[in-house]
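Here's the structure we're looking at; comments come further down.
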Ligand SMILES: [Zn+2]
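Numbering (my numbering), first residue to last: 1235 to 1453.
Listed below in structure tokens is the structure:
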């Protein structure tokens, strides 16, 4: 088999983000290794399309990134879509604590991170350094975490306003792998409203359910 490239820089890129055809049987040692990796990502191509396989210590994401390919391909299927939290659901008490913090900060916006330790499997809430907070603007920094800790959720409030992702939020989330959540109408007697998404691979994906345990809200 010929090399994919003779250029060392290109070889490094193709090695870091590989693309594998799916054999008719549906798996291969290379694809199994991509799926089992602790961290990394790559693509597989099957007769039913192209799938992104992305792994983090806390996340397993298999998501189609193309429609089915019209040309006949003698390949197998990429398999079902999935988005599993390897870390499990976040304890619901952390959401209660975060919403309390958001109410205390009114009328200003506020922010919180849910972080997780891959060795101890412990979750924690990190309230970040706020550079600027007003009722309509918030500037905060993603925490620099010790080795083994990961940001799972980046959550901010919109104070009394609605829950939506602003163009600033979109720019902030573009290059991250994390769950992003916005809560609005924080002191509404009917309860706050929310918007959620999974940021991965440069995409914003809908969340099928809340990442918090005991939280019945459909994301
Ligand atoms: Zn926002």
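For glycine and all other residues, C-beta sits at the position ideal for the given N, C-alpha and C.
Residue 1400 has its CB nearer than 8 Å to a heavy atom of ligand 1. Between residue 1357 and residue 1344, the gap from beta carbon to beta carbon reaches 9 Å or more. For residue 1311, no alpha helix (DSSP H) encloses it, and the DSSP letter there is neither H nor E. For residue 1407, there is no enclosing beta strand (DSSP E); the enclosing alpha helix (DSSP H) covers residues 1401 to 1407. In this model, residue 1257 and residue 1348 are separated by some 39 Å (Cα to Cα). When DSSP states are grouped into helix, strand and coil, residue 1338 belongs to the helix group.
Beta-bridge partners assigned by DSSP to residue 1412: 1433. For a cut-off of 8 Å, the C-beta gap from residue 1408 to residue 1429 is around 16 Å, too long to register as a contact. By DSSP's assignment, residue 1387 forms a beta bridge with 1348 and 1413. Residue range 1242 to 1250 is occupied by the alpha helix (DSSP H) that includes residue 1242. By the criterion of at least three beta-carbon pairs nearer than 8 Å, the region 1280 to 1294 is not in contact with the region 1440 to 1447. By the criterion of at least three beta-carbon pairs nearer than 8 Å, the region 1373 to 1393 is in contact with the region 1409 to 1428. Taking non-hydrogen atoms of ligand 1 into account, the C-beta of residue 1403 is found less than 8 Å away from one of them.
Secondary structure in the region 1254 to 1281: the alpha helix (DSSP H) runs of 4 residues or longer, each lying completely within the stretch, are 1263 to 1270 in chain order.
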